[in-house]
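First comes the structure, then the notes that go with it.
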Amino acid sequence: MDLRLLRYFVAVADAASFNRAAERLNIAQPPLSRAIQQLEGLVGAGLLDRSARPLRLTPVGKLLYTQARQILARMEDMEAMLTAAAASKRRRFVIGFVASTIYARLPELIREFRKAAENVELILVEHSTLDQIAALKEGKIDVGFGRIRFDDPVIRRVILREEKLIVALPVGHRLAGNAGPVSLQDLADEPQILYPRSPRPSYADQVLSLFRDHAIEPRIAHEARELQIAIGLVAAEEGIAIVPESVRFARGHDLIFREIAQKVTSPIIMSHREQDTSPELILMSEVIARKYAEWGYAPPSALPRRTG
Numbered sequence: 514m515d516l517r518l519l520r521y522f523v524a525v526a527d528a529a530s531f532n533r534a535a536e537r538l539n540i541a542q543p544p545l546s547r548a549i550q551q552l553e554g555l556v557g558a559g560l561l562d563r564s565a566r567p568l569r570l571t572p573v574g575k576l577l578y579t580q581a582r583q584i585l586a587r588m589e590d591m592e593a594m595l596t597a598a599a600a601s602k603r604r605r606f607v608i609g610f611v612a613s614t615i616y617a618r619l620p621e622l623i624r625e626f627r628k629a630a631e632n633v634e635l636i637l638v639e640h641s642t643l644d645q646i647a648a649l650k651e652g653k654i655d656v657g658f659g660r661i662r663f664d665d666p667v668i669r670r671v672i673l674r675e676e677k678l679i680v681a682l683p684v685g686h687r688l689a690g691n692a693g694p695v696s697l698q699d700l701a702d703e704p705q706i707l708y709p710r711s712p713r714p715s716y717a718d719q720v721l722s723l724f725r726d727h728a729i730e731p732r733i734a735h736e737a738r739e740l741q742i743a744i745g746l747v748a749a750e751e752g753i754a755i756v757p758e759s760v761r762f763a764r765g766h767d768l769i770f771r772e773i774a775q776k777v778t779s780p781i782i783m784s785h786r787e788q789d790t791s792p793e794l795i796l797m798s799e800v801i802a803r804k805y806a807e808w809g810y811a812p813p814s815a816l817p818r819r820t821g
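For the sequence shown, my numbering begins at 514 and goes up steadily by one.
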């Protein structure tokens, strides 16, 4: 999705007027209107109630507005980090991550790494697992945290742990009042919200596989671009979603989370270049081993280690 269209949409939503937004953006009003129409065509739904004065966002518009603000803020943060890194003479360590690992204690690992490596410029970049592989090969990132198993002769993957999966339900759902686990069979006829929509294969394919491994063909209602949109759609009663357990601690006021009776998990995988023995990678591995021991997780056995 074109970031320019998102910026225009946010400007119109903030101003509640095409004319005022056009003035702030220093463009004419007709091309701004066409840009919003183009965005609505990409989304497949109206974003603005044009009959209202001032303009109001539709329910889909409100959802996109929240996500657009987050995306634009992320881009600004990334640009600032890259500018600072380019001007810095310190060593750099670039981490690629998928969004769901932010819930799975990655921020705590990053804080510990920062404390132990004050002289290292740490840069975070959101990448799908497959994009991480290409970025590692090209030297754009130094380590990646994702969830998709893959095979590549020059990339080493380390499964840090298997995270339990749970189901996210809207608060009024028929299964929301059930205190015990729900089975995949209980969810067979429920509209499923998958994420991410692309690139594939992805976590979405893991969810599809776990249903099909139990001879269930899931009913797909939506394929969301990212996790936040998926759980937002659940809260809007558009369906249910299978999510990593750590997501339950991030949002709870309008969702109900239930255990799944079957043992279903998704791996958290650290990837790095096969021959990489940089001090930063070793330090990150030591931080992971130490924190995992504190948290009571089984220590990953294949982490890079110091030699000599």
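Every residue, glycine too, gets a C-beta built ideally from N, C-alpha and C.
For this session: Just grab the DSSP bridge partners of methionine 783 for me.
Result: Numbered from 1 along the sequence shown, position 270 holds the residue referred to as residue 783. Methionine 783 is bridged to Phe658 and Val671.
Problem set entry | Enclosing alpha helix (DSSP H) for glutamate 621 [first to last residue] | Counting from one through the sequence shown, the residue named residue 621 turns up at place 108. Start and end: 619 to 629.
For this session: Classify phenylalanine 610 as helix, strand or coil using the three-state DSSP reduction.
Result: Here residue 610 corresponds to residue number 97 of the sequence shown, with the count starting at 1. Residue state, collapsed to three classes: strand.
Exercise. Where does phenylalanine 663 sit, in a helix, a strand or coil, going by DSSP?
Worked result: The residue given as residue 663 occupies position 150 in the sequence shown. Residue state, collapsed to three classes: coil.
Problem set entry | Neighbour-count burial assignment, threonine 596, 16 or more Cβ in a 10 Å radius | Counting from 1 along the sequence shown, the entry for residue 596 is found at position 83. It is exposed - the Cβ of threonine 596 has fewer than 16 other Cβ atoms within 10 Å.
For this session: Identify which residue in Ser641, Arg819, Arg771 and Ala728 has its Cα closest to the Cα of tyrosine 708.
Result: For the purposes of this step, residue 708 is identified with residue 195 of the sequence shown, where counting begins at 1. Among Ser641, Arg819, Arg771 and Ala728, the Cα nearest to that of tyrosine 708 belongs to Ser641.
Exercise. What does a CB cutoff of less than 8 Å around leucine 585 pick up in its chain, not counting 5 residues either side in sequence?
Worked result: Along the sequence shown, read from residue 1 onward, the residue named residue 585 stands at position 72. Around leucine 585: Leu516, Leu519, Arg520 and Val523.
Exercise. Where does aspartate 527 land, buried or exposed, given buried means 16+ other C-beta within 10 angstroms?
Worked result: As a position in the sequence shown, residue 527 is number 14, starting the count at 1. That one is exposed.
For this session: Return the chain-ordered list of same chain residues with a C-beta closer than 8 Å to the C-beta of alanine 717, the five sequence neighbours on each side being excluded.
Result: In the sequence shown, the residue the question calls residue 717 occupies position 204. Excluding sequence neighbours, alanine 717 sits near Leu707, Tyr708, Pro709, Arg710 and Glu736.
Exercise. Based on Cα-Cα distance, which residue from Trp808, Gly809 and Val760 lies nearest to isoleucine 615?
Worked result: The residue you call residue 615 lines up with position 102 of the sequence shown. The shortest C-alpha separation from isoleucine 615 is found at Val760.
Problem set entry | CB contact flag (isoleucine 742, glutamine 551, <8 Å) | Residue mapping note: residue 742 aligns to position 229 of the sequence shown, counting from 1. Residue mapping note: residue 551 aligns to position 38 of the sequence shown, counting from 1. Not closer than 8 Å, so no.
Exercise. Taking valine 800 as the reference, which of Pro620, Tyr578 and Asp664 has the closest Cα?
Worked result: Locating residue 800 in the sequence shown gives position 287, counting from the first residue. It is Pro620.
Problem set entry | CB of alanine 791 within 8 Å of CB of aspartate 655, strictly | Residue mapping note: residue 791 aligns to position 278 of the sequence shown, counting from 1. Residue mapping note: residue 655 aligns to position 142 of the sequence shown, counting from 1. Checking the displayed sequence, the identity of residue 791 turns out to be serine instead of alanine. Closer than 8 Å, so yes.
Exercise. Does the stretch 769 to 783 come close enough to the stretch 688 to 701 to have 3 or more Cβ pairs within less than 8 Å?
Worked result: yes
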